[in-house]
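Residue numbers (our numbering), protein chains in the order written: chain A, 8 to 349; chain B, 8 to 349; chain C, 8 to 349.
Where is the CB? At the ideal position from N, CA and C, for every residue including glycine.
Scroll down for the structure; my scribbles are underneath it.
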Amino acid sequence: MNGVALGEIAAQLGGDLVGDAALRINRLGSLESATPTTLCFIATPRYQAQLSATRAGCVVVPPALREAAVERGAAIVTPDPHLYFARLSQWWVVRTGARPAPGIHPSAQVHASARIDASASIGPLCVIEADVVIGARVVVGAHCVIGSGASIGDDTRLDAQVSFGAASHIGARGIIHSGAVIGADGFGFAPHEGTWIKVEQFGGVRIGDDVEIGANTCIDRGALDDTVIGDGVKLDNQVQVGHNVRIGAHTAVAGCAGIAGSTTIGAYCTIAGAVGIGGHLTLGDHVHIRAFSGVMQSITRPGVYTGTFPIDENANWEKNAATLRHLYSLRNRLRALEKKSS
Amino acid sequence: MNGVALGEIAAQLGGDLVGDAALRINRLGSLESATPTTLCFIATPRYQAQLSATRAGCVVVPPALREAAVERGAAIVTPDPHLYFARLSQWWVVRTGARPAPGIHPSAQVHASARIDASASIGPLCVIEADVVIGARVVVGAHCVIGSGASIGDDTRLDAQVSFGAASHIGARGIIHSGAVIGADGFGFAPHEGTWIKVEQFGGVRIGDDVEIGANTCIDRGALDDTVIGDGVKLDNQVQVGHNVRIGAHTAVAGCAGIAGSTTIGAYCTIAGAVGIGGHLTLGDHVHIRAFSGVMQSITRPGVYTGTFPIDENANWEKNAATLRHLYSLRNRLRALEKKSS
Amino acid sequence: MNGVALGEIAAQLGGDLVGDAALRINRLGSLESATPTTLCFIATPRYQAQLSATRAGCVVVPPALREAAVERGAAIVTPDPHLYFARLSQWWVVRTGARPAPGIHPSAQVHASARIDASASIGPLCVIEADVVIGARVVVGAHCVIGSGASIGDDTRLDAQVSFGAASHIGARGIIHSGAVIGADGFGFAPHEGTWIKVEQFGGVRIGDDVEIGANTCIDRGALDDTVIGDGVKLDNQVQVGHNVRIGAHTAVAGCAGIAGSTTIGAYCTIAGAVGIGGHLTLGDHVHIRAFSGVMQSITRPGVYTGTFPIDENANWEKNAATLRHLYSLRNRLRALEKKSS
């Protein structure tokens, strides 16, 4: 590719272009590694210091940085540079990326009853079982296994080695990264004289539109009804979603978080990295859980919640942790003193 | 399928059937989504309110709910409805499920020295290495890789994309879900002048009968001796089991838990979700660790243990967490006051 | 194999051999399971009691145990038995292990533009995309997928079912275990009116020499620049490394740890099991984080850090945890008492 003129970018994505519209951009990049044919962005005035140091050909900036940006070269001024750059990145990938050709790779094992849109691309060595339905422009990467009866909506992409189990369904424009396992059995057992008797799992997984699912993330099938992931939900890598969990629209869950079975999470929530959420709980809309927290109770009120032990030098931690075991008795001693002194 | 008569269910599974034995059941389901051909269960009288609302054709109930259940339709009365339903679910799957046909899929790569029972089913694109032994009625899903010398006991099922390494052994009636990695190298290094010198791992993984292993769970091979998983153990998804760990019979480990190397866990334990257990520890039988706890010491006494920071609104957490760093000095100040006031 | 004479071991690996140099060793093993043809090691005098009980043919011991070891049979005396055994284990594997034959398995799907060294071994059903470069004596296990443009250095080994994405690079003598996903998209979105707009990821993953990566571990590709893993880094199983993370040379990260995006970790650090490290932080060299800690701030000073709630019997935990929520007010009450009493 011979690059894209700044003028074309501004024409396609909008923004107020200041500078040479004929300047050609070869790459979207970071401020640090930029060259004169790189386009970068600065999200907030906080990073202004990096602006003067970069060699970038053009920088997308918020209005507050217009002067500073123009002083050093071309700029695109827009109220939300991060959002602008996100859209630009998508446009860039479509314009420059090599989409796999439509069709079924000859090495794939496809059941005769599967209905695969002619515009879809099925990668090498995939296994597509009976009655699978695959929509328009879907891309299924190498080595994926799609279980019987599963369906994949238009424009969704599965990277290599995804396991998409029987009775799993995903809507349009989704992305599932490598190693994800959708629709394995939930962890359901009846206790019996100290042993565990398996409860077979009959539910499916129902995933909305515009959902992204990270590498090695697991979403279990429901026990009787479905596990449900709402539209626009984003799950990072190595997230565990138990059976019959319901996640509301546009909630984001960061890496290594785990959500135990039958818990309902509202819409527009953020669950930070390594958070654990117990089973059979309800979190309302707009609940934000900070990293490393363990949630053991339902949370109905919108807000920001934290439950993690503050890190400290080990020597301090040891003293405080030892004392912590006596916190309740400290409280009682304090009460006794208060009574005495009053 | 034209459904199963209630009378046949009661004849096979037991329980006291009250109502029309000829009523046909098409589906096991939840109380909420039930239709008149659905069979449901209620584990305890606590959920009695749901009983009157359900449209289910029949409900499995404990004796305390007999009256209430019968009032609304057919019922099966049994002392432990959850256990009854578990067994019913297994019977249902055998009766209605489509077991894969025996035989080796032509796309599988099977070493000539592997001994595979004629009743076993080897899925598409599997790789079976030298000297593997596979028992009767075993089902190996698509894309599994079975390392040289591994063995799989009768009636065990591996779902798609399981990696079952060399020198791994599993007994009868096991289930391993997709993405699980059994028998990767343990994390063993000798420190040397700030760098790490790999200690090659020679041990295997020995897994008992009736073990279930969740999606993307890892069990490392032992360094010199074997890693050992007892009969009836249940591991949820994304569990990490380090080298030379030993887990006693009928212990259950929930999702995202991690057990570091050379730790021994007793029988009949429950390790809840996201629990971490340090290396070289011993947990006795009947030890129960609640969710999100970190175990840094051996626990010999049966009981319930917890180690997790209580979640709170972030503003409260910040004040308490900051104070926590001074807990030891608070204790000393309290002591000084006590001395003064005595 | 007919075993290896102790004399040959000492000749190859060094150490002071005391005893019969003609004694043949068939196996490296643990003290507990040793037979008269097993060679074992004892790292420190702490384990002296096990020395007298073992049936091992020869034990590698530190100088302090020379007398005790010789009393019971053959011994190799060396200042660091653990290091000696590590090197011996590697020599043993090379001497006795069956390296896969060089060449490309006929069932593998290899793009015509891939450059694969003639001494490399590509396993069954692998997928090697365009422009991949694979070095000398590399072993790629069954079912691996190597994305377009990726490169793998000399003597590196990938076990079965590794996903090694486009624009990922690993140096020499590395090991990647099954299920690892290298080079999936980072978790990058621009928020927009409550929804998440994907930021396409353009960076790669750059991994140094002598790096080991555990089963089901994920390392995301960078957003714009690369994610970078230094020489000699060891990552255990189920570790999550976010986009643009940089890990310095010879740092070890234990199982289930997670490192959020854009964080830099120095050289010679140890990150213990299940540790979480927030995004956009900097940890200096020689920082050691103990198990289950959550790191929410940068740490510049070398040292040992801990942040985990001490485990306790649940009944005690409940009382202490409840009190903990009032810690800040306890502090204020203590202050008031102090003021009163002064």
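query: Can you tell me which residues form a DSSP beta bridge with C/CYS65?; result: C/LEU46 and C/ALA81
query: Determine, using beta carbons only, whether C/ALA230 and C/PHE209 come nearer to each other than 8 angstroms.; result: yes
query: Would you say A/THR1 reaches chain B, if we count a Cβ-Cβ gap shorter than 8 angstroms as a contact?; result: In the structure as shown, chain A starts at 8 and stops at 349, and residue 1 of chain A therefore has no counterpart that could be examined.
query: If I follow the unbroken alpha helix (DSSP H) through B/GLY190, where does it start and stop?; result: Taken as a continuous stretch (DSSP letters only), B/GLY190 belongs to no alpha helix (DSSP H), being part of the beta strand (DSSP E) at 188-191.
query: Which of the three DSSP states is assigned to C/ARG73 in this structure?; result: helix
query: Do we get a CB-CB distance below 8 angstroms when we pair A/LYS205 with the residues of chain B?; result: yes
query: Please determine, among B/GLY262, B/GLY80, B/GLU74 and B/ALA137, the residue with the shortest C-alpha to C-alpha distance to B/SER300.; result: B/GLY262
query: Quick one: Cα of B/PRO107 to Cα of B/VAL145, how far?; result: 10 angstroms
query: When the Cβ atoms of the stretch 13-25 of chain B are set against those of the stretch 161-175 of chain A, are three or more pairs found closer than 8 angstroms?; result: no
query: Starting from the C-beta of C/ALA76, find all residues in its chain whose C-beta is less than 7 angstroms away, skip the five residues before and the five after it, and write them out in chain order.; result: LEU58, VAL66, VAL68 and ALA82
query: Please determine, among C/ARG102, C/ALA343 and C/SER336, the residue with the shortest C-alpha to C-alpha distance to C/ASN33.; result: C/ARG102
query: Would B/GLU78 pass as an interface residue toward chain A - the criterion being a Cβ-Cβ separation below 8 angstroms?; result: no
query: Assuming C/LEU30 is part of the alpha helix (DSSP H), what are its boundary residues?; result: Where C/LEU30 is concerned, there is no enclosing alpha helix (DSSP H), given that its DSSP letter is neither H nor E.
query: Give me the Cα-Cα distance between A/GLY237 and A/GLU219, rounded to the nearest whole angstrom.; result: 11 angstroms
query: Can you give me the C-alpha to C-alpha distance between B/TYR91 and B/VAL84, rounded to a whole angstrom?; result: 10 angstroms
query: Looking at the strands, I want to know which residues DSSP matches up with A/PRO198.; result: A/TRP203
query: Around the C-beta of A/PRO86, are 16 or more other C-beta atoms found within 10 angstroms, so that it is buried, or is it exposed?; result: exposed
query: Tell me, to the nearest whole angstrom, how far the beta carbon of B/VAL147 is from that of B/SER170; I am working on the premise that it is less than 8 angstroms.; result: Not a contact, Cβ separation roughly 12 angstroms.
query: Does B/HIS89 come out as helix, strand or coil in the three-state DSSP assignment?; result: helix
query: Is the distance from the Cβ of C/LEU185 to the Cβ of C/ALA222 below 8 angstroms?; result: This sequence places Ser at residue 185 of chain C; Leu is not what is there. Contact: yes.
query: Tell me, please, whether the CB atom of C/VAL100 is closer than 8 angstroms to any CB atom in chain B?; result: yes
query: Quick one: give me the first and last residue of the alpha helix (DSSP H) that B/SER348 is part of.; result: 334-348
query: State the CB to CB distance for the pair C/TYR54 and B/GLY201, rounded to an integer number of angstroms; the pair is presumed to be in contact (CB under 8 angstroms).; result: Actually they are not in contact, since the Cβ atoms of C/TYR54 and B/GLY201 sit about 25 angstroms apart, beyond 8 angstroms.
query: Return no unless some Cβ of chain C is closer than 8 angstroms to the Cβ of A/ASN33.; result: no
query: How many angstroms separate the CA atom of A/ILE272 from the CA atom of A/LEU290?; result: 5 angstroms
query: B/LYS241 bridges to which residues according to DSSP?; result: B/GLU219 and B/ALA259
query: Do B/THR307 and B/LEU288 have their beta-carbon atoms positioned less than 8 angstroms apart in this structure?; result: no
query: Any C-beta of chain B sitting closer than 8 angstroms to the C-beta of C/TYR312?; result: no
query: Which whole runs of the alpha helix (DSSP H) in the stretch 84-137 of chain B are 4 residues long or more, in chain order?; result: 88-103
query: Pick from C/ALA119, C/MET303, C/GLU325 and C/GLY249: whose alpha carbon is nearest that of C/VAL212?; result: C/GLY249
query: Can a CB atom of chain A be found closer than 8 angstroms to the CB of B/GLN116?; result: no
query: Within the same chain, show all residues whose beta-carbon is closer than 7 angstroms to that of C/GLY64, passing over the 5 residues directly before and after it, in chain order.; result: LEU30, ILE32, PRO43, THR44, THR45, LEU46, GLY80 and ALA81
query: For chain B, check one thing: does any of its Cβ atoms lie closer than 8 angstroms to the Cβ of C/TYR275?; result: yes
query: Which residues in the same chain as B/GLY10 place their Cβ atom closer than 7 angstroms to its Cβ, once the five residues preceding and following it in sequence are excluded?; result: ARG31, ILE32, ASN33 and THR44
query: Which residues, in chain order, does the stretch 67-92 of chain B contribute to contact with chain A at a C-beta distance below 7 angstroms?; result: HIS89, LEU90 and PHE92
query: Give the secondary structure of B/ARG34 by DSSP, where H, G and I count as helix, E and B as strand, and everything else as coil.; result: strand
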